[in-house]
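Q: Protein chains in written order, with this note's numbering: chain A, 1265 to 1380; chain B, 3 to 493.
Positions of the beta carbon are idealized from the N, C-alpha and C atoms, including for glycine.
For clarity, every value in this text was computed on a predicted model and none was experimentally measured.
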Amino acid sequence: MNSKKIDKLVVYSYKNDFLNQNKVNKIATLLSKSDLKKYINALKLTENKKSLIISSPMNNSDLKKFEKLFPNKKIVFKKDPTLMLGMEIIDNDIVYEFTLKNSLDKILNYIEQNYD
Amino acid sequence: MTFGEDSKTQNVGLVIKNTDGVIVASGLSRAIMGEKVIFKNGGSGIILNLDEDNASIILLEEASGVKEGDSLKTTGEMLGIDVSEELLGRVIDPLGESLDGKPKIKKGKNMPLEKIAFGVVDREPVNTPLKTGIKAIDSMIPIGRGQRELIIGDRQTGKTAIVIDTIINQKNPPAGGKKPVICVYVAIGQKRSTIAQVIDRLTLEDALSYSIIVCASASDPASLQYLAPYAGMAIAEYFLGIGKDVLVVFDDLTKHAWAYRQISLVLRRPAGREAYPGDVFYLHSRLLERSVKLNKQNGGGSITALPIIETQANDISAYIPTNVISITDGQIYLQSDLFNSGIRPAINVGQSVSRVGGAAQTPTIKSVSNKLRLELAQYNSLAAFAQLGSELDLATQKQLNQGKRLTEILKQPQFAPLTENLEVLSIYAVTSGLMDDIPLESFPRFEKDIHDFAKKNYPAVLNSLSTGEKPTEQTLKQIKKMVEEFKKRFE
């Protein structure tokens, strides 16, 4: 099965912008093993496109602001104390990184590469 | 102070597959062609194909570390190499990593590997000679600074020997107060043992101090072999930017085309003639177009390119040879028959040409070599004709003898480039008939001894031949006197 057909199946798997479990189960039983792999990968990519992952060491107090900024995205919050300060937002293949951990890593990397 | 790429946003992707060092990755929606990417394991690559859903990336190191599902991110940077004067005397790979055991150059200007060549307004015609120290080339196929001269021939015909001699000859201070030349030798797809020999020879001749060696050997990934000449050119452009004259040698572009063909086939680009991709001409033209002679307003520097092409069975009409012949400003054609018959350098005078170098030749050498090419061409056609019959008239016999003498004087041992004044002395001695009574087999010894004799007893004559000006009647008389005097001593 070519990628265009797989993409069509992915579109059919959604109902009102949400993944429909019944539809996915039905499609999955009809596919060969290799096509099923492609279908799952395509579903994952589509899910990534539809969701916004926010990681922060703080609690999820400002989520409403992001809901306004990204009205068509499903917002997932993850608490990550290793980030120290700030926030990391993953929007499909774009990563917005405003964390202290990232800044410190970059400073260390810079010193490592340029220190004689 | 910045710490590399933009610290706020990153464009990430996932590896879909890894085939022979070519990675197909999803995501990377903001990636651009030629952009550098970094993998999760620390490896890096460059984007060579952008499709609707994915990007194809060539890895810059061994392919085994990257597997399906690994993440990668774009850097927003095009591939570049850090260059400074500290690179002189160093051996590096196309990414600037040290290969000679010394520390990596960390402080330098980042020069992009791919760059659009200088425009017409910034350039000036080739007008300064680049001396190879090889009599046959400097007299008949002169090379100018900023020229692109192809060296083409079968394997084992002395192609690399010519460029090594040229690099060694840059040790001699150029006549007429011209700038010294910095040399960049780019080894592409060669055996490491061969490269080691070149390095050893340059070290031995004290030529490494003004040279840089960029090395992508046969055992390196095809991606590095593909990038090597661009890295060499980027290094040359750094020195051009500070007004220097640079010589870049690409040894050789046949293997470069092979590496690019390998990459293109794995990238599933449509294959054309001899399975090379459609843009194989552009591959070399965009590289060689970057060699330049800049005008005074732009610093007056130059990049001279000596690309090498290896032919199969002396076939210069194959695909890559014809491409590079048409790109360059002339070619030096080396023939295995000549090499095997003892004529070294084995230059086929009839098929070698320099389209712009004549304008850069000094009046000194021009005055003694203007008839040389014609006389040799006539000799070659007569020699072929003379093989058929035994009886020849006196004029033909004389012409044949003169041709033999010219061929003999143009022979030159390897690693022994000559200064212009000695070249002129040798050629003038034959073309003026002063060596007519010297047996051919004594020519090498006679030439060597007369050079020593002239250096010791007639330094003023040699100095007057070093000025670059046309020799005066007085100088020519002195040369005649010197040769006659030497002949009395020569046994």
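1) So, using beta-carbon positions, are ILE452/B and PHE488/B closer together than 8 Å?
2) State buried or exposed for SER356/B, treating a residue as buried only when at least 16 other CB atoms are found within 10 Å of its CB.
3) Hey, GLN227/B and ALA261/B are a contact pair by Cβ (cut 8 Å); roughly how many whole angstroms apart?
4) Under a Cβ-count criterion, where at least 16 other Cβ atoms within 10 Å of its own Cβ denotes burial, should PRO323/B be classed as buried or exposed?
5) Compute the distance between the beta-carbons of ILE83/B and ALA233/B, then report whether it is under 8 Å.
6) Quick one: residues in its chain with C-beta nearer than 6 Å to the C-beta of ILE1318/A, no 5 flanking neighbours on either side, listed in chain order?
7) Below 7 Å on C-beta distance, what does VAL14/B contact in chain A?
8) CB TYR1278/A to CB ILE1291/A, shorter than 8 Å?
9) From what residue to what residue does the alpha helix (DSSP H) around MET235/B run?
10) Quick check: the Cα distance between ILE59/B and GLY280/B, rounded to an integer number of angstroms?
11) With H, G and I counted as helix, E and B as strand and the rest as coil, what does DSSP make of SER369/B?
12) Out of MET80/B, MET35/B, VAL17/B and ASP339/B, which one is the CA nearest neighbour of GLU70/B?
13) For the stretch 105-117 of chain B, which residues have a beta carbon sitting closer than 9 Å to at least one beta carbon of chain A?
14) Compare the C-alpha of ARG32/B against each of ASN459/B, ILE40/B and GLN12/B and name the closest.
15) Return helix, strand or coil for LYS489/B, following the three-state DSSP convention.
16) Closer than 8 Å, CB to CB, is ASN1286/A near chain B or not?
17) Can you tell me where the beta strand (DSSP E) with ILE389/B in it begins and where it stops?
18) Less than 8 Å separating the beta-carbons of MET80/B and GLY36/B?
19) My output table needs one value for THR4/B: the three-state DSSP class, helix, strand or coil.
20) Please return the same chain residues whose Cβ sits closer than 8 Å to the Cβ of LYS106/B, not counting the five positions on each side in sequence.
21) Between the alpha carbons of LEU290/B and ASP222/B, how many angstroms are there, rounded?
22) Taking the CB atoms as reference points, tell me whether PRO365/B and GLY470/B lie closer together than 8 Å.
23) When you compare only the Cα positions, how much space is there between VAL14/B and LYS173/B?
24) Report the neighbours of ASN1378/A on chain B: residues whose CB is nearer than 7 Å to its CB, in chain order.
25) Let me confirm a value: TYR284/B is counted as buried when at least 16 other C-beta atoms fall within 10 Å, else exposed. Which label applies?
A: Judging by the given coordinates:
1) yes
2) buried
3) 4 Å
4) buried
5) yes
6) PHE1341 and ILE1353
7) ASP1357 and VAL1359
8) no
9) 224-243
10) 19 Å
11) helix
12) VAL17/B
13) PRO105, LYS108 and LYS109
14) GLN12/B
15) helix
16) no
17) According to the sequence provided, residue 389/B is Gln. The question's Ile does not apply to it. Careful: GLN389/B lies outside any beta strand (DSSP E) and carries neither H nor E.
18) yes
19) The predicted model places THR4/B with a pLDDT of 42, which falls under 50 and marks its position as unreliable; any figure quoted below should be read in that light. If DSSP states are grouped into helix, strand and coil, THR4/B belongs with coil.
20) GLY98, GLU99 and SER100
21) 23 Å
22) yes
23) 50 Å
24) LYS108
25) exposed
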